[in-house]
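Student: Quick note, the sequence shown lines up with residues 102 to 532 if you use our numbering. For glycine and all other residues, C-beta sits at the position ideal for the given N, C-alpha and C. Remember, predicted model here, so these are calculated numbers, not experimental data.
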Amino acid sequence: MKRPESFTDSGGQKMHNPQPICYAQNQSVKAYLASDPWNVESFNRLAEAARDKGRVSGLTHKYYRYPARFSPRFVRAAIEQFTSPGDLVFDPFMGGGTTLVEAIALGRHAIGTDISSLATFVSKAKTQIFSNSEFKRLESWASALQEKINIHLPSISSQYYFDAGYHKHLDSSLTWRLRKVLEQVLASAEALPSRKLETFARCVVLRTGQWALDGRRQIPTISQFREAIIAHANEMIHGARELRTAVNTYADYKPKATCLNHSIIGFDTKKVFSGSSPKLVLTSPPYPGVHVLYHRWQVDGRKESAAPFWIANKLDGSGASYYTLGARNAKDHWKYFDGLRSALSTVASISSEETTIIQVVAFSNPSIQLPRYLEVAEESGLSEVATPFVSGNEDGRLWRDIPNRKWHADQLGDVPASQEVVLFHRISKQN
Ligand SMILES: C[S@@+](CC[C@H](N)C(=O)[O-])C[C@H]1O[C@@H](n2cnc3c(N)ncnc32)[C@H](O)[C@@H]1O
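1. Helix, strand or coil, according to DSSP, for W139 in the structure here?
2. Are A204 and I230 close, meaning C-beta to C-beta below 7 Å?
3. F194: beta carbon under 6 Å from a heavy atom of ligand 1?
4. Is the region 249–266 touching the region 449–460 in the sense that three or more CB pairs, one from each, lie closer than 8 Å?
5. Under 6 Å: does the beta carbon of P321 sit that close to some heavy atom of ligand 1?
6. So R442 packs on V486, CB below 8 Å; how close in whole Å?
7. Could you tell me how far apart the beta carbons of L314 and A302 are, in whole angstroms, since I believe they sit closer than 8 Å?
8. Taking the straight line between their C-alpha atoms, what separation do you get for T276 and Y262?
9. Just the Cα atoms here: how many angstroms apart are P193 and P489?
10. Just the C-alpha distance for A125 and I469, rounded to the nearest angstrom, thanks.
11. With a threshold of 8 Å on Cβ separation, who are the neighbours of P467 within its own chain once the five nearest residues in sequence on each side are excluded?
12. In the DSSP assignment, the beta strand (DSSP E) including I362 goes from what residue to what residue?
13. Determine, using beta carbons only, whether S482 and S529 come nearer to each other than 7 Å.
14. Would you check whether ligand 1 has a heavy atom nearer than 6 Å to the C-beta of R170?
15. Our contact map puts A150 next to R174 with C-beta atoms below 8 Å; I'd like the distance itself, whole angstroms only.
16. For K415, report the span of its alpha helix (DSSP H) as first-last.
17. Going by DSSP, which residues form a beta bridge with H210?
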């Protein structure tokens, strides 16, 4: 299929075509897809991965259900399509670290930033590579959990987190027992001999705490909790082993993940990138007008709890708008787009002509917000790239339905935002 040099989309935005790259006969399919990432075949594969509705699984992806997380299958397909082993992949809004996990598992280097200390904690936990002796230590920690969890034994409560309000809604007649056993497991995590092991163990508690408390109508019993945390610990050790095996396949490239707790706005890129540009920026910023609760669990009905920060031993930021580029409601969209402009300008400043920038975004009102989004990207020094036609993307873009999401689009009332778009950019020629 012949692609036009450039075309104008329905929103009036000019889209540019990258130059196609030649394909040598004896390449493997994967190498071919990576050598000409802009061909139809590559895009059909990517579109299929983007629209996959399968459950999240594999590697360390199940460590935590981060709100609005990427589909690992889509991330894997995009990394394979646009980069080679040894390249650098960057996610400025890394969330639960899906991009970083897939990048190192495919032998790429990865850098991620997130304004949330919880997101950074989860991403770190998911990208740690353990030695054999560390695995042994974790296995014996997991097998001791059976005895550690005992409602009749005392627990150590953190006065600091209690005083700071992180235990709010965790001392009701329904929740206090769970808080007590969470404290017992956290004490055993703290007793582990290194920060790395402690991070893993805290993440086991985090996952099980989320399972037990977040959005549950019925709080589990202590024996159900015990059974679940042991199963989670073992499954997570298995995931960490899978990740190590994958990373070791690319040992020559020494793939490494760097997770930074920093806002991308005003981020001093020089120290971290030191002149090297990412080959791929793969990210999903907060969405305009779509309310996602990144930093809270909803316990005992819909009462908001900061418990995940207490479990991760991290301090919280300053309310929902801190995590959503300033926007909490429709009136704040100018704040959102202002923040987005600064963020994308930073992305443009570290990108080279070789960098592909992929963003996955949902909108509460796509017909107004998508053109505005593209305008802001253009003002930040990014130009949208035309992708080959893929069935189902009538406006020339790749849209995907969002399965089972519980966040809401403000302008439509309590109606779930139902679609995300995948946007492709390169830095503008004048940069
Ligand atoms: C849609 S989520 C990313 C989810 C991620 N793709 C994953 O797979 O888990 C958006 C993230 O942007 C982060 N964020 C919001 N403002 C930010 C900023 N100024 N700088 C960096 N991260 C920010 C939020 O904390 C949130 O984790």
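Tutor: To lay it out plainly:
1. coil
2. no
3. yes
4. no
5. no
6. 19 Å between Cβ atoms; not a contact.
7. Incorrect: roughly 18 Å between the Cβ atoms, too far for contact.
8. 16 Å
9. 26 Å
10. Legend: pLDDT at A125 = 42, less than 50; position of this residue unreliable, value from coordinates given subsequently. Rounded to the nearest angstrom, the two C-alpha atoms are 43 Å apart.
11. Q520, V522
12. The sequence as given places Asn at residue 362; Ile does not occur at that position. First-last of the beta strand (DSSP E) with N362: 358–362.
13. Ser is not the amino acid found at residue 482; the sequence shown has Gly there. For G482 and S529, yes; Cβs fall inside 7 Å.
14. yes
15. 5 Å
16. No alpha helix (DSSP H) holds K415; DSSP gives it neither H nor E.
17. L189
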